[in-house]
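**Student:**
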Amino acid sequence: MGIKNFTVTTQRVKDKADGLIGYANYLNNEKAPSHKNTKILNIGNNFDDFLKNTIINTMNFDNDNKKGGRKVESYAQSFNFILPPDVPNPTHDQWKLIYKDLVLKAKTTLDIKGGTSQFAVSCYANIHDQANPHLNLLIPRIYNKERLHKLDQKNLLGELKKEFNRSVMQHCNIDFKSYKPNQQNVGKRRKKWQYEQQQSIKAKEELLEERLLLAQDRLDIADLIDQHQQVQERAETAQMKALEATKQEIQAKADADVAKLQAEQKISLMTEMRRLFNDFKSSLSGWINSIKSKDELLEEINRNDTISAVEMMQNHHEYDADVEEIVFSAIEQAEIETEKPDISKQVSRSRKRKLTPY
Numbered sequence: 003m004g005i006k007n008f009t010v011t012t013q014r015v016k017d018k019a020d021g022l023i024g025y026a027n028y029l030n031n032e033k034a035p036s037h038k039n040t041k042i043l044n045i046g047n048n049f050d051d052f053l054k055n056t057i058i059n060t061m062n063f064d065n066d067n068k069k070g071g072r073k074v075e076s077y078a079q080s081f082n083f084i085l086p087p088d089v090p091n092p093t094h095d096q097w098k099l100i101y102k103d104l105v106l107k108a109k110t111t112l113d114i115k116g117g118t119s120q121f122a123v124s125c126y127a128n129i130h131d132q133a134n135p136h137l138n139l140l141i142p143r144i145y146n147k148e149r150l151h152k153l154d155q156k157n158l159l160g161e162l163k164k165e166f167n168r169s170v171m172q173h174c175n176i177d178f179k180s181y182k183p184n185q186q187n188v189g190k191r192r193k194k195w196q197y198e199q200q201q202s203i204k205a206k207e208e209l210l211e212e213r214l215l216l217a218q219d220r221l222d223i224a225d226l227i228d229q230h231q232q233v234q235e236r237a238e239t240a241q242m243k244a245l246e247a248t249k250q251e252i253q254a255k256a257d258a259d260v261a262k263l264q265a266e267q268k269i270s271l272m273t274e275m276r277r278l279f280n281d282f283k284s285s286l287s288g289w290i291n292s293i294k295s296k297d298e299l300l301e302e303i304n305r306n307d308t309i310s311a312v313e314m315m316q317n318h319h320e321y322d323a324d325v326e327e328i329v330f331s332a333i334e335q336a337e338i339e340t341e342k343p344d345i346s347k348q349v350s351r352s353r354k355r356k357l358t359p360y
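Last residue of the sequence shown: number 360 in this note's numbering, and the count goes up by one each step with no gaps.
#1: For Leu365, name the three-state secondary structure that DSSP assigns.
#2: Mind checking Gly117: buried by the 16 CB within 10 Å criterion, or exposed?
#3: Put Ala78 into one of helix, strand or coil per three-state DSSP.
#4: According to DSSP, which residues form a beta bridge with Phe83?
#5: Which whole-angstrom value describes the C-beta separation of Ile100 and Ser180, a residue pair presumed to lie in contact below a C-beta threshold of 8 Å?
#6: Taking the alpha carbon of Thr314 as the reference point, which residue from Asn146, Glu302, Ala133 and Ser350 has its own alpha carbon closest?
#7: Going by beta-carbon coordinates alone, are Val10 and Phe83 separated by less than 8 Å?
#8: If you draw a straight line from the alpha carbon of Cys174 to that of Asn138, how long is it in whole angstroms?
#9: Considering Cα atoms alone, identify which of Phe52, Ala133, Gln96 and Ile309 is closest to Phe330.
#10: Would you tell me roughly how many angstroms separate the C-alpha atoms of Lys109 and Glu326, rounded to the nearest one?
#11: With a CB to CB cut of under 6 Å and the five nearest residues on each side skipped, what residues in its chain are close to Ile57?
#12: Helix, strand or coil for Glu148 per DSSP?
#13: Here's the rule: buried if 16 or more other CB atoms are within 10 angstroms of the residue's CB, otherwise exposed. What is Ser285?
#14: Look at the alpha carbon of Lys68 and the alpha carbon of Lys33, and state the distance between them as a whole number of angstroms.
#15: Could you check if Leu263 is buried or exposed, using at least 16 other CB atoms within 10 Å of its CB as the buried criterion?
#16: Let me check one thing: in DSSP terms, what residues is Ile45 bridge-paired to?
#17: Quick check: Ile45 and Asn128, are their CB atoms within less than 8 Å of each other?
#18: What does the alpha-carbon distance come out to for the pair Glu298 and Asn291?
#19: Closest to Glu75 by C-alpha separation, out of Leu278, Ala336 and Ile144, would be which residue?
#20: With which residues is Pro90 paired in a DSSP beta bridge?
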């Protein structure tokens, strides 16, 4: 069974000028964790010019609107036009043609007067060329001294979805009707047994949280104490040998220095592992919350950050089977809660799983 449309999402860019600057910088930051293996291609207006003009036009609108008018809280509307991972990536030139079609459709739907090129200059767009390539489009909320009230209405989103489907078909010969997703028939209404199962999962999640805390204590405290004790014991042994002879004293001191250095390195590695583990927990929690709040942009960011954190932990010297069991148990519980196996599709266990008898 095919899909109804290629994915198109939209949301308000919050927090006025600061929010717009922060989000636009994120769209252009190739070093962001969620932009790993992503090539950013610019199309349309210059990034700095877009920010300057949008902020100035919005501030002027607020200053002129002094008769009890509502201040502009969101300076722009964000649109993401996303293709699935297993279709051919459009070329840079093909994306430009798709962008022109989308801008023209937005202008027509919003009933904007004047030339299309003038409206296009007021917008900003770039391409994230990756496994699931997508076009990011920012449309200012204030254009030609008027507030675009229809910018976040469902009608515009619906028209842009249809235009995206048509434009991709025209310029790339990719038909959304022929595309079949890897997963189908998900997201149906839960039955009673599913609700009861969810309650059981919630109880297990609380137990898992306790286990995570205990495991973190083991990583952060027990191992550090053990290493300090080893340093102390080796140092005392070295001092006893030093009383026997000068040669033994020199060797013992060297042994103590090596042991101390190894312990300090171990402590440094464990501290780094703790930071990576906390980053993983924070990203995973943010992913769950963004799904619950239906914030698709943050969902994508947190999902990619979670995957990046897991990969960094798996490449770490202190990553072992116990840590892996904790990490993937947390991922499994999160995916059961959200009904989205998005993370486990990207990362996998690197060690043989320990089976716990019941």
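We treat Cβ as the ideally placed atom computed from N, Cα and C, and that holds for glycine.
**Tutor:** This is what the structure gives:
#1: Residue coverage of the chain in this structure runs from 3 to 360, which leaves residue 365 outside it and unanswerable.
#2: Exposed, because fewer than 16 other Cβ atoms sit within 10 Å of the Cβ of Gly117.
#3: Note: Ala78 maps to strand in three-state DSSP.
#4: Bridge partners of Phe83: Val10 and Leu137.
#5: Your pair Ile100 and Ser180 does not check out as a contact, with CB atoms roughly 18 Å apart and the cut at 8 Å.
#6: Checking the displayed sequence, the identity of residue 314 turns out to be Met instead of Thr. Checked all of Asn146, Glu302, Ala133 and Ser350; the closest Cα to Met314 is Ser350.
#7: Yes, the pair counts as a contact, with Cβ atoms nearer than the cut-off.
#8: Between Cys174 and Asn138, the C-alpha separation is close to 18 Å.
#9: Ranking Phe52, Ala133, Gln96 and Ile309 by Cα distance to Phe330 puts Ile309 first.
#10: Taking the CA atoms as reference points, Lys109 sits about 51 Å from Glu326.
#11: Cβ neighbours of Ile57 beyond the five flanking positions: Ala19.
#12: It is a strand residue.
#13: Classification for Ser285: buried.
#14: Within the model, the alpha-carbon separation for Lys68 versus Lys33 is close to 42 Å.
#15: So Leu263 ends up on the exposed side.
#16: For Ile45, which the question treats as bridged, DSSP gives the partners Ala127.
#17: Less than 8 Å divides the Cβ of Ile45 from the Cβ of Asn128.
#18: Cα to Cα, the separation comes out at about 11 Å.
#19: The option with the nearest alpha carbon to Glu75 is Ile144.
#20: Within the DSSP secondary-structure output, Pro90 pairs in no beta bridge.
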